[in-house]
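**Q** Anchor point for the sequence shown: position 132 equals 132 in the working numbering, and the numbering is continuous, going up by one each time.
Ideal Cβ placement from N, Cα and C applies to all residues, glycine included.
Quick one: this structure, given as structure tokens, is what I'll be asking you about.
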Amino acid sequence: MEWKSRRKSGFRWIVVATAGVCAFIAPPAILHATHEADHRYTVEGFVCNADGKPSANTEVLVKDTRISYGQTVTTDDGGYYKAAFHLHNDNLGDPLLVEVKGEQQHHKIQFDAKDLESERKIQVNFGSGCVHDRSAPPTWLWVVLGVVGGLVALLVGVKVVRSQGKRDGRQEKGQAKRKK
């Protein structure tokens with residue numbers, strides 16, 4: 001009876017540990033400016049210094065100059081920023097101003113007005129050298145998954161070896177009884 005409770009508690013431990021790791025790794029939900037993809041317009045990008053390194057904690061002004069609506073966001077440690085706007089189809093073609101440290105870039109708000117499901121966005125970068133693909137999983141995720149996978153494999157291996165040892169011990173006892 002003791003073995004069964006240990007086995008169940010071991011299984012529970014695996015389930016709890018896996019859930020804990022998944023909760024830790026899962027990125028928090030990004031707060032959206034609106035309720036529907038066709039009302040959301042995202043301006044994102046990277047700000048890099050002259051030496052190509054990310055410019056952290058830098059203010060970025062993003063503004064639709066036709067409707068005089070804008071917002072100031074701050075870059076993260078990787079120089080990345082993201083600003084979300086609530087725009088509609090009639091905002092198509094509006095002038096967009098993105099400004100960092102006095103440097104301005106002028107763009108037009110562009111999207112397919114008939115596509116109501118795809119994310120509407122533009123990437124505006126300042127400088128070069130620190131821009132990377134944000135859709136790729138971060139390196140630390142692969143390290144954590146490798147460690148978790150290794151621990152699971154180790155746990156399964158220990159369980160298999162222990163069960164074989166117990167089975168072999170039972171067989172030896174049975175053979176010893178037959179020899180007597």
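1) Name the residue from 161, 45, 158 and 155 whose alpha carbon lies nearest to the alpha carbon of residue 99.
2) Under the rule that 16 or more other beta-carbon atoms within 10 Å means buried, what is residue 260, buried or exposed?
3) Buried or exposed: which applies to residue 91, given that a residue is buried once 16 or more other Cβ atoms fall within 10 Å of its Cβ?
4) For residue 125, which residues of its own chain have a beta-carbon under 6 Å away from its beta-carbon, when the five flanking residues on both sides are left out?
5) Taking all protein chains shown into account, decide if residue 55 is buried (16 or more other Cβ within 10 angstroms of its Cβ) or exposed.
6) Could you check where the beta strand (DSSP E) with residue 83 kicks off and where it finishes?
7) Using DSSP with H/G/I as helix, E/B as strand and the rest coil, what is residue 100?
8) Could you give the C-beta distance for residue 74 and residue 95, rounded to a whole number, given that I count them as a contact under 8 Å?
9) Taking C-alpha atoms, which residue in 79, 166, 160 and 85 lies nearest to residue 183?
10) Quick one: grab the DSSP three-state call for residue 159.
11) Beta-carbon separation of residue 122 and residue 43 under 8 Å?
12) Residues in its own chain within less than 8 Å of residue 87 by CB, not counting five upstream and five downstream?
13) State yes or no: is the C-beta of residue 52 within less than 8 Å of the C-beta of residue 129?
14) Measure the alpha-carbon distance for residue 154 versus residue 137 and round it to whole angstroms.
15) Enumerate in chain order the residues of its own chain whose CB-to-CB distance from residue 89 is below 6 Å, with the five nearest sequence positions on each side excluded.
**A** Taking the structure as given:
1) Here residue 99 refers to the residue found at position 99 when the sequence shown is read from its first residue. Closest option to residue 99, Cα to Cα, is 45.
2) Here the chain has residues from 1 to 180 only, and residue 260 is not among them.
3) The residue given as residue 91 occupies position 91 in the sequence shown. Counting Cβ neighbours within 10 Å, residue 91 comes out buried, since at least 16 surround it.
4) Taking the first residue of the sequence shown as 1, we reach residue 125 at position 125. In chain order, 45, 46 and 131 place their CB closer than 6 Å to the CB of residue 125, counting only its own chain and leaving out the 5 sequence neighbours on each side.
5) Mapped onto the sequence shown, residue 55 falls at position 55. So residue 55 counts as buried.
6) By one-based count along the sequence shown, residue 83 stands at place 83. From DSSP, the beta strand (DSSP E) with residue 83 extends over 80-86.
7) If you number the sequence shown from 1, residue 100 lands on position 100. Annotated three-state conformation of residue 100 is strand, per DSSP.
8) On the sequence shown, residue 74 is found 74 positions in, with the first residue counted as 1. On the sequence shown, residue 95 is found 95 positions in, with the first residue counted as 1. Between residue 74 and residue 95 the beta-carbon gap is near 23 Å, outside 8 Å, which marks them as no contact.
9) Nothing can be reported for residue 183, as the shown portion of the chain is limited to 1 through 180.
10) For this step, residue 159 is matched to residue 159 along the sequence shown. Annotated three-state conformation of residue 159 is helix, per DSSP.
11) As a working note, residue 122 is residue 122 in the sequence shown. As a working note, residue 43 is residue 43 in the sequence shown. Taking 8 Å as the Cβ cut-off, residue 122 and residue 43 qualify as a contacting pair.
12) Within the sequence shown, numbered from 1, the residue matching residue 87 stands at position 87. Excluding positions up to five away in sequence, the list reads 39, 40, 41, 64, 94, 109 and 120.
13) Residue mapping note: residue 52 aligns to position 52 of the sequence shown, counting from 1. Residue mapping note: residue 129 aligns to position 129 of the sequence shown, counting from 1. Annotated as proximal: residue 52 and residue 129, with beta-carbon spacing under 8 Å.
14) On the sequence shown, position 154 is the one that residue 154 refers to. On the sequence shown, position 137 is the one that residue 137 refers to. Residue 137 has its alpha-carbon roughly 25 Å from the corresponding atom of residue 154.
15) Locating residue 89 in the sequence shown gives position 89, counting from the first residue. These residues qualify, in order along the chain: 113.
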